[in-house]
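Input: a single structure, listed below in structure tokens.
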Amino acid sequence: MDIWILVIALLVIAIILFVISMYSKDSNNVEEQLSEFSVQQSQELYSIKSRISELERTQRQVVANNNVDYSSEAEELSTAIEEEILPESISDMTREDVIRLYSQGYTMHEIAHEVKVSPQVVQHVIDDYIENR
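Residue numbers (UniProt numbering): 1 to 133.
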């Protein structure tokens with residue numbers, strides 16, 4: 001019987017402490033902290049959005065400034081490269097080496113270094129190979 005009195009006394013104390021904790025001023029403090037946190041998050045989000053919009057404006061300006069018509073220069077360059085690179089200027093063995101290395105996944109510069117020709121020649125051989133597959 002003494003144990004039941006002790007259990008009931010502890011249960012009553014626990015209920016009283018729980019009720020006291022519900023009405024304490026600590027809940028107001030938590031609400032204030034939560035409110036302050038949400039305000040800080042809103043300010044940081046606004047700051048990030050304004051930075052992003054500024055970066056986008058800067059990027060648009062850079063693109064607008066660099067939006068020059070290079071098509072005629074590119075055509076002249078490709079014509080000059082085609083005139084400079086004649087299919088007969090490299091041997092069949094070199095062609096086969098370029099195609100083999102290309103098939104193995106080497107980059108243009110790696111192939112050019114390995115075969116000891118210019119990257120433009122490598123590009124021309126690979127383009128020719130792809131067109132005639």
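Just so it is clear, CB atoms sit at the ideal spot from N, CA and C, and this is done for glycine as well.
Range covered by the alpha helix (DSSP H) that runs through residue 93: Position 93 of the sequence shown holds residue 93. First-last of the alpha helix (DSSP H) with residue 93: 92-103.
With a 10 Å radius around its C-beta and 16 neighbouring C-beta atoms as the bar for buried, classify residue 113 as buried or exposed. The residue you call residue 113 lines up with position 113 of the sequence shown. Exposed: under 16 other Cβ atoms inside 10 Å.
Would residue 129 pass as a contact of residue 90 if the rule is Cβ separation under 9 Å? Mapped onto the sequence shown, residue 129 falls at position 129. Mapped onto the sequence shown, residue 90 falls at position 90. Contact: no.
Among the residues of its own chain, which have a CB less than 6 Å from the CB of residue 57, if the five just before and after it don't count? Translated into the one-based positions of the sequence shown, residue 57 becomes position 57. Result list for residue 57: empty, nothing under 6 Å.
Assuming residue 97 and residue 115 are in contact, meaning their beta carbons sit under 8 Å apart, how far apart are those beta carbons, in whole angstroms? By 1-based counting over the sequence shown, the position of residue 97 is 97. By 1-based counting over the sequence shown, the position of residue 115 is 115. That pair is a contact at about 5 Å.
Determine the direct distance from the alpha carbon of residue 102 to that of residue 124, and round the result to whole angstroms. For the purposes of this step, residue 124 is taken as the residue at position 124 of the sequence shown. For the purposes of this step, residue 102 is taken as the residue at position 102 of the sequence shown. In a straight line, the C-alpha of residue 124 is about 12 Å away from that of residue 102.
Given that a residue counts as buried once 16 or more other Cβ atoms are within 10 Å of its Cβ, and exposed if not, what is residue 19? For this step, residue 19 is matched to residue 19 along the sequence shown. Exposed is the call here.
Can you grab the Cα-Cα spacing for the pair residue 29 / residue 1, in whole Å? For the purposes of this step, residue 29 is taken as residue 29 along the sequence shown, with counting starting at 1. For the purposes of this step, residue 1 is taken as residue 1 along the sequence shown, with counting starting at 1. For residue 29 and residue 1, the distance between alpha carbons rounds to 43 Å.
Just reading off the alpha helix (DSSP H) that residue 22 is part of, what are its end residues? Walking along the sequence shown from the start, residue 22 turns up at place 22. Element bounds for residue 22: 2-22.
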